[in-house]
Amino acid sequence: MIIAPSLLAANFTRLGREVERVKAARADWLHLDVMDGHFVPNISFGPAVVRSLRPLTKLFFDVHLMCSKPEILLEPFADAGADQINIHVELGHACGPLLWRIKALGKKVGLAVNPPTTITAVLPYLDQIDALLIMTVNPGFGGQSFIFETVPKIQQAYEWRQERGLRYRIGVDGGIDNTTARHCAQAGADTFISGTTLFGSRSLRAAVRKMRALVLADGLPGPKELQEAQ
Ligand code: DX5
Ligand code: ZN
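Quick note on my numbering: the sequence shown kicks off at 194 and runs consecutively.
In structure tokens, the structure reads:
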């Protein structure tokens, strides 16, 4: 189980210290939301910020590109120190080549899907990806309410992974608190992106520990456990 605090909810007046806090909290990944003011109606930060934070930690940097033209951003973010780059399936036919380019840059490959988009849109790419990111809010802003109608998508992604013997991670992003994280874990999610809940807690470390314990208790076996059980 991966717990990934989302930097979008951090205090932007002191991002370096916030990253140190995520590290000290023993979170597994740091999720970095990149918004271009076009794919989503908001702007966050670019590769320069990722580059500045990179020397502070060995944490896995999970970059989520909510951008209409990721083709111009893949190399800059790869160079800046991303470990995984997620693009959106809503980009249509551009996705296949973009996913290959991320892999060619030596980075883990992620594919995100928005709430209104049918989960079948990701089917052609499942054997190409390391992570599927199921958006549980409409992207663009932190602090929104979890959309429960997205839960069947998690179940479907889990079933496909089993049926096809694949190993992609199943992530959820948006409105993840201790309650919604448990619902997602029960549906098959194994990667939990959480901004407002984790950064809003008095102790980030205690919040990460609590969320991890809850989803571990409720979660379904991942591909590794299933293989070992066979
Ligand atoms: C939404 C972003 C999320 C966001 C989650 O556009 O992709 O990663 O930071 O934040 P919370 O946990 O506040 O919903
Ligand atoms: Zn995100």
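Glycine included, C-beta positions come from ideal geometry on N, C-alpha and C. Here the structure is a predicted model, which means the values were calculated and not measured.
For a cut-off of 8 Å, the C-beta gap from residue 401 to residue 196 is around 5 Å, short enough to register as a contact. DSSP places residue 405 in the uninterrupted alpha helix (DSSP H) bounded by 397–411.
Beta-bridge pairing by DSSP links residue 303 to 279, 324.
Taking 7 Å as the cut-off, the C-beta of residue 378 does not count as close to any heavy atom of the ligand DX5. Burial of residue 385 is indicated by the presence of at least 16 other C-beta atoms within 10 angstroms of its C-beta. Restricting attention to alpha helix (DSSP H) runs no shorter than 4 residues, the segment 360–391 encloses them at 371–380, ordered along the chain. Shortest Cα-Cα distance from residue 366 to any of 239, 354, 360, 346 involves 346. Taking the Cβ atoms as the reference, residue 200 lies roughly 7 Å from residue 224, within the contact range of under 8 Å. Within the model, the alpha-carbon separation for residue 332 versus residue 418 is close to 32 Å. One thing to note: residue 329 has its Cβ within 8 Å of the Cβ of residue 369.
Between the ligand DX5 and the CB of residue 334, the shortest heavy atom gap is smaller than 7 Å.
Its chain contains 243, 244, 247, 254 as the residues whose beta carbon lies nearer than 7 Å to that of residue 274, once the 5 sequence neighbours on both sides are disregarded; these appear in chain order. The beta-carbon separation of residue 422 and residue 414, rounded to 7 Å, stays under the 8 Å limit for a contact.
The beta carbons of residue 278 and residue 304 sit no closer together than 8 Å. Membership of residue 255 in the beta strand (DSSP E) is indicated by the continuous run 253–259.
Using a Cβ distance threshold of 8 Å, residue 218 and residue 397 count as a contacting pair.
For residue 196, there is no enclosing alpha helix (DSSP H); the residue is part of the beta strand (DSSP E) that begins and ends at 195–198.
In this structure, residue 285 sits away from residue 318, with a CB-CB distance that is not shorter than 8 Å. For the set 266, 276, 282, the Cα lying nearest the Cα of residue 299 is the one of 276. The nearest non-hydrogen atom of the ligand DX5 is less than 7 Å from the C-beta of residue 259.
Not a single heavy atom of the ligand DX5 lies less than 7 Å from the C-beta of residue 220. With a cut-off of 7 Å, the C-beta of residue 277 is classified as distant from the ligand DX5, since no heavy atom of the ligand falls inside that distance.
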